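Read in order, the letters of the sequence shown are residues 1 to 963 in full-length UniProt numbering. A virtual CB, placed ideally from N, CA and C, is assigned to each residue, including glycine. No experiment lies behind these values; they were computed from the predicted model shown.
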Amino acid sequence: MSPLTVSHADHNSTMHSDNPPVAQDFDPIASMLATDNLAPLPAEALTAIGDAIRSKLRYCRRVVIKVGTQVVTQNSGYLSLGRIGSLCEQIAAIQQQGHQVILVTSGAVGLGRQRLRFQQLLNSSLRNIHLRGNAGPEAPGPEPTVPETLDPLTGQPSHHLHSQYTPGAEEALKCRQQEEAIRRACAATGQSSLMALYDNLLGALDITTAQMLLTSTFFRDAAAKTRLVHSIELLLSYNVVPIINENDAVLLSEGYTPESVTGASPSGDLGFLGAGSGAASPPCSAAAAATAALQHGPDHHLHHQHMLPTPGLTPDASLSDTAAAVAAAAAAGVMEHNPDETFQDNDRLAALLAVAVRAHLLLLLTDTEGVWSGPPGSDGARLLDVMHPGVAVTFGAAGARGRGGMQSKLESAMLAAQMGGVRAVIASGHANLVATRVISGERVGTLVLADDPRQVNLAALGVAPADVHDAIQAEARARALSVGSSGTPSPGSTTPGSTEEEERMAQAARLASNLVRCASAADRSAVLARLADLLEEQQEAILQANDLDMARAQAAANNPTDDQQSRLSAANLQRLRLTPEKIGTLAEGVRQLANDVDPVDSVLQRTLLSEGLVLEQTQVPIGVLLVIFESRPDALPQIAALAIRSGNGLLLKGGREATASCALLHGLVARALGDVLGPAAARLVGLVETRTGVSRLLALDQHIDLVIPRGSNQLVSHIQQNTRIPVLGHAAGMCHIFVDVAACPAMAETIVLDAKTHYPSACNAVESVLLHQGICGPAAGADGDDQQQRAGLGRRLIAALQNAGVVVHLGPVARQHFDRSGVPITGCGPDAVDLSTEYGSLAVTVEVVADADSAMEHIRLHGSAHTEAIITEDQATARDFLARVDAACVFHNASTRFSDGYRMGLGAEVGVSTGRIHARGPVGVRGLLTTRWLLRGTGHTAGDFSAGRRTFLHKDITAASEE
Numbered sequence: 001m002s003p004l005t006v007s008h009a010d011h012n013s014t015m016h017s018d019n020p021p022v023a024q025d026f027d028p029i030a031s032m033l034a035t036d037n038l039a040p041l042p043a044e045a046l047t048a049i050g051d052a053i054r055s056k057l058r059y060c061r062r063v064v065i066k067v068g069t070q071v072v073t074q075n076s077g078y079l080s081l082g083r084i085g086s087l088c089e090q091i092a093a094i095q096q097q098g099h100q101v102i103l104v105t106s107g108a109v110g111l112g113r114q115r116l117r118f119q120q121l122l123n124s125s126l127r128n129i130h131l132r133g134n135a136g137p138e139a140p141g142p143e144p145t146v147p148e149t150l151d152p153l154t155g156q157p158s159h160h161l162h163s164q165y166t167p168g169a170e171e172a173l174k175c176r177q178q179e180e181a182i183r184r185a186c187a188a189t190g191q192s193s194l195m196a197l198y199d200n201l202l203g204a205l206d207i208t209t210a211q212m213l214l215t216s217t218f219f220r221d222a223a224a225k226t227r228l229v230h231s232i233e234l235l236l237s238y239n240v241v242p243i244i245n246e247n248d249a250v251l252l253s254e255g256y257t258p259e260s261v262t263g264a265s266p267s268g269d270l271g272f273l274g275a276g277s278g279a280a281s282p283p284c285s286a287a288a289a290a291t292a293a294l295q296h297g298p299d300h301h302l303h304h305q306h307m308l309p310t311p312g313l314t315p316d317a318s319l320s321d322t323a324a325a326v327a328a329a330a331a332a333g334v335m336e337h338n339p340d341e342t343f344q345d346n347d348r349l350a351a352l353l354a355v356a357v358r359a360h361l362l363l364l365l366t367d368t369e370g371v372w373s374g375p376p377g378s379d380g381a382r383l384l385d386v387m388h389p390g391v392a393v394t395f396g397a398a399g400a401r402g403r404g405g406m407q408s409k410l411e412s413a414m415l416a417a418q419m420g421g422v423r424a425v426i427a428s429g430h431a432n433l434v435a436t437r438v439i440s441g442e443r444v445g446t447l448v449l450a451d452d453p454r455q456v457n458l459a460a461l462g463v464a465p466a467d468v469h470d471a472i473q474a475e476a477r478a479r480a481l482s483v484g485s486s487g488t489p490s491p492g493s494t495t496p497g498s499t500e501e502e503e504r505m506a507q508a509a510r511l512a513s514n515l516v517r518c519a520s521a522a523d524r525s526a527v528l529a530r531l532a533d534l535l536e537e538q539q540e541a542i543l544q545a546n547d548l549d550m551a552r553a554q555a556a557a558n559n560p561t562d563d564q565q566s567r568l569s570a571a572n573l574q575r576l577r578l579t580p581e582k583i584g585t586l587a588e589g590v591r592q593l594a595n596d597v598d599p600v601d602s603v604l605q606r607t608l609l610s611e612g613l614v615l616e617q618t619q620v621p622i623g624v625l626l627v628i629f630e631s632r633p634d635a636l637p638q639i640a641a642l643a644i645r646s647g648n649g650l651l652l653k654g655g656r657e658a659t660a661s662c663a664l665l666h667g668l669v670a671r672a673l674g675d676v677l678g679p680a681a682a683r684l685v686g687l688v689e690t691r692t693g694v695s696r697l698l699a700l701d702q703h704i705d706l707v708i709p710r711g712s713n714q715l716v717s718h719i720q721q722n723t724r725i726p727v728l729g730h731a732a733g734m735c736h737i738f739v740d741v742a743a744c745p746a747m748a749e750t751i752v753l754d755a756k757t758h759y760p761s762a763c764n765a766v767e768s769v770l771l772h773q774g775i776c777g778p779a780a781g782a783d784g785d786d787q788q789q790r791a792g793l794g795r796r797l798i799a800a801l802q803n804a805g806v807v808v809h810l811g812p813v814a815r816q817h818f819d820r821s822g823v824p825i826t827g828c829g830p831d832a833v834d835l836s837t838e839y840g841s842l843a844v845t846v847e848v849v850a851d852a853d854s855a856m857e858h859i860r861l862h863g864s865a866h867t868e869a870i871i872t873e874d875q876a877t878a879r880d881f882l883a884r885v886d887a888a889c890v891f892h893n894a895s896t897r898f899s900d901g902y903r904m905g906l907g908a909e910v911g912v913s914t915g916r917i918h919a920r921g922p923v924g925v926r927g928l929l930t931t932r933w934l935l936r937g938t939g940h941t942a943g944d945f946s947a948g949r950r951t952f953l954h955k956d957i958t959a960a961s962e963e
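This is how it looks when you write it as structure tokens:
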């Protein structure tokens, strides 16, 4: 027989051949996997078997995805729009690959609680206004009483919040009943909003949704269950995504149990599950007993699922087989049930639904990477790639939000695996593209098996014996290579202090970088052209996502109870806002990149070293970039486009204030890459959406080659001081304009207003205007001769800035100069104390200098080497200024706003570098490339030249080669 059992009926047979093998033919892997081998499976074998099973998940036709409250909400209790948006994009991608998707979602109660809290506050405010209006100005206020209203957060009468009040038993029961009523109201209020959000997000991706609210009746009543399954089957046949939740609005306390499906009342428990926190659980072989009862007809359903065409699989069994299998499993004591215990989370609902609709994969998304051997963070705890009843685990406490916990998820996953042969994976819903990665077969999260892998019918899961044999050998080799002779991890292993998720993203980005770099220039241009089209086609969806970010940011800014960190400044709010004009500019810039000459692998220099020996210096991608940005979602497609054009891998970490916008824009980038170059290329750009802090990302120096920060001075300075990875960026955008005595008045006014008011929060907006003392006379002189007009230009510039809404802060010399003139400047803000202030808003410092030399010295002391400009008609002064001012960009008679990748014809920019190494100024495609040397010879050796048999020519043949 074959090296692996292919039927549960053969449990008593071994994996060896019928004839005893000779010693040299002994197969250690087959021996290790023998069903009668009682030794624990080695870790690499367990992981390899899991990988073999995962590799077949891409053939699963029907997928149930369950997202918990910890995934769909933030710590504050508000919805996590970024994660929900990313999930919707993944559902769209999964459906496009031919899979059917059913979504089970939590979050309605939490969302409803937020809305009812707001409504309660609103009602209270209106009631107070009404009472004051009726009482009249002289009427005494009512006697203070203990309020009897319920608190929406606790569901208890609000007078329970008084420390001295202790309710009796009867009132405590009443409070619990009132609490359930409040939660039902929360569920009813939140469900409509939650469904509307899913419908809008999926609708923008051309996916139709259907809402279904279930109770235990649909599983306990055979006719109701038949109707439920038929309805779901019909919806799936139309490519509709059913979105399912428990109907908490009417039956919050009603539970789902295995008997709901089978009609039986099983006893027994899942022995492998730990109880409480800190208690290790013994292994259990209850599944083996169930297997014995399923040896014949009933286990037929477990072997044959509806899947995309896979070798060795036959059509699925009937519904009667399913019922028989479930009944047998229940009778064998596999499932846990306490008739008096209520069940109040969606994990069990998702498991029972997966069994009822004969799903092939159940994906349970939570806030941790998967199942851990102990509470995450505790000593010795490790993430399990594969979980089965023979593995002992210890559970911590459930999360603060939601009703389930890891124990509930593991019980539910095991329930689906044992009752219906459903493949089950528990993974982090915070991880990037987690659903698509699980279905593609990547090792993400924890794969849950119904039994010890040696007892599992792997053939029913589409896994051949050779698959397992090869996977175990590959895993053993990989583990041997991951640790060098010194015991230190190799570059592909986990970096201390970082998360595996970000490491995998960086590694995937590097692999995708090789793919994109090796693609043709035409293909890279096609990806950019597709991205530009998508930006325009999805403009409304982008603006809707941005509206969500803006509403949340503005609510935080107006809420005095929110912490200061969560509030955005006026400048950052402006950066956060997307407009049709911004999106149009983005699309135009991406198209400009698509039409530019492709620089990847271009030859910078070609030298004939000797006859038949040619040396080339070519441009190549740097590798993997990490770009961290705040508040500016429009930076994402710009940076991604530059990464695509240059062939660099890219990790993006955006600010939480732009979560929804960034998630949608990242989805468009991935879609453009996938449409042209295939799904593997879509991993080129990764959006880090986990709660990983910036410091954890900065520790990935083995996987990331360059960090580019775009944000506040504090962010950039923090990054520069806390990583070993090279940093490209600027710590400040302190830009000056010097208005010379020979300046054209009309030109000076136009340029200064443009540089300050066109986009005040940009890093290239002017922050300090330096006026030559020769243009700061006592009168404006607008109607005088040319000399008088020049003498009054300084005052006219200040007045023009003030008329444009700019707050002018006079420097100390300017204040003294204008005060001594006898005609002080009025209407200004407080005098400038720090002449290096970067306002990022409609505010500017105005200072007076003696001459051009003084202006250049002022810039040296207070500038940030970003962008400096002079306005003058004196060409000699202009040449001197351009030569002597040390900045990335130095302009003559032009606005500082031209310090921009798009305006400079770079197509887009990844940022502005004020450093002096590698790239400086706006960094476009060429700033993201490095060089390498290619040498082509015909058997040349250094000894030939030492011995005089060959001679060096060192002839530059670059131009000749181009011709």
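* Kindly list the residues whose CB is nearer than 8 Å to the CB of His954, restricted to its own chain and excluding five residues on each side of it in sequence; keep chain order. => Thr607, Leu608, Leu609
* Asked: Mind checking Cys518: buried by the 16 CB within 10 Å criterion, or exposed?
  -> exposed
* **Limits of the beta strand (DSSP E) - the one that Val620 falls within** => 613 to 621
* Strand pairing of Lys56, partner residues [DSSP] -> Looking at the DSSP assignment, Lys56 forms no beta bridge with any residue, so it has no partner.
* **Beta-carbon spacing of Ala622, Asp701 below 7 Å** => In the sequence on display, residue 622 carries Ile and not Ala. No.
* What residue does the alpha helix (DSSP H) around Ile704 start on, and which one ends it? -> It is not in any alpha helix (DSSP H) - Ile704 carries neither H nor E in the DSSP assignment.
* To do: Compute the Euclidean distance between the alpha carbons of His866 and Ala188, then round it to the nearest angstrom.
  => 55 Å
* CB-CB under 7 Å to Asp199, same chain, minus the five flanking residues each way: which ones, in chain order? -> Thr209
* Drop a sphere of 10 angstroms on the beta-carbon of Pro778, count the other beta-carbons inside from all chains shown, and report buried for 16 or more, exposed for fewer. => exposed
* Check whether the Cβ of Val240 lies closer than 6 Å to any heavy atom of the ligand MG, and answer yes or no. => The ligand MG is not part of the structure shown, which contains no ligands of any sort.
* Short Cβ contact (7 Å threshold) for Ala424 with Leu362 -> yes
* For Asp851 versus Ala742, is the C-beta distance shorter than 7 Å? -> no
* To do: State whether the segment 925 to 937 contacts the segment 641 to 649, with contact taken as three or more CB pairs (one from each stretch) at a distance under 8 Å.
  => yes
* To do: Run through the segment 596 to 661 for me and flag every whole alpha helix (DSSP H) of 4 or more residues, listed as ranges in chain order.
  => 635 to 646
* First and last residue of the uninterrupted beta strand (DSSP E) at Ser428 -> 423 to 428
* If you follow the alpha helix (DSSP H) that Cys735 is part of, which residue opens it and which one closes it? -> Careful: Cys735 lies outside any alpha helix (DSSP H), inside the beta strand (DSSP E) at 735 to 739.
* Counterpart residues of Lys66 in DSSP-defined beta bridges -> Val104, Leu364
* Residue range of the beta strand (DSSP E) that includes Ser768 -> 766 to 772
* To do: Can you have a look at Tyr839 and say buried or exposed, based on whether 16 or more other CB atoms are within 10 angstroms of its CB?
  => buried
* Asked: Quick one, are the C-beta atoms of Gln90 and Ala435 less than 7 Å apart?
  -> yes
* To do: To the nearest angstrom, report how far apart Gly584 and Pro830 are at their CA atoms.
  => 39 Å
* Return the chain-ordered list of same chain residues with a C-beta closer than 7 Å to the C-beta of Val885, the five sequence neighbours on each side being excluded. => Met856, Ile859, Glu868
* For Ile628, count neighbouring C-beta atoms within 10 Å of its own C-beta (all shown protein chains included) and say buried if the count is 16 or more, exposed if not. => buried
* Could you check where the beta strand (DSSP E) with Met212 kicks off and where it finishes? -> 209 to 214
* Expected contact under 8 Å - CB spacing of Ile737 and Ile542 to nearest Å -> Their Cβ separation, rounded to whole angstroms, is 34 Å, which puts Ile737 and Ile542 out of contact at 8 Å.
* **Rounded C-alpha distance that separates Thr215 from Ile182** => 19 Å
* Does the segment 60 to 78 come close enough to the segment 428 to 442 that 3 or more CB-CB pairs lie under 8 Å? -> yes
* **Among Arg552, Leu668, Ala526, the one whose alpha carbon lies nearest that of Gln539** => Leu668
* Run the CB neighbour count on Gln714, radius 10 Å, all protein chains shown included, and call it buried at 16 or more, exposed below. => exposed
* Can we say the segment 592 to 602 touches the segment 524 to 539, given the rule of at least three CB pairs closer than 8 Å? -> yes
* For Gly686, does the count of other Cβ atoms within 10 angstroms reach 16, so buried, or fall short, so exposed? -> buried
* To do: Give the straight-line distance between the Cα atoms of His940 and Thr951, rounded to the nearest whole angstrom.
  => 11 Å
* Which class does Cys889 belong to by DSSP, given the choice of helix, strand or coil? -> strand
* Asked: Considering only the beta carbon of each residue, do Tyr78 and Gly589 sit closer than 7 Å?
  -> no
* Please classify His809: does DSSP put it in a helix, a strand, or coil? => strand
* For Ala869, the residue or residues it bridges with in DSSP -> Ile737, Phe891
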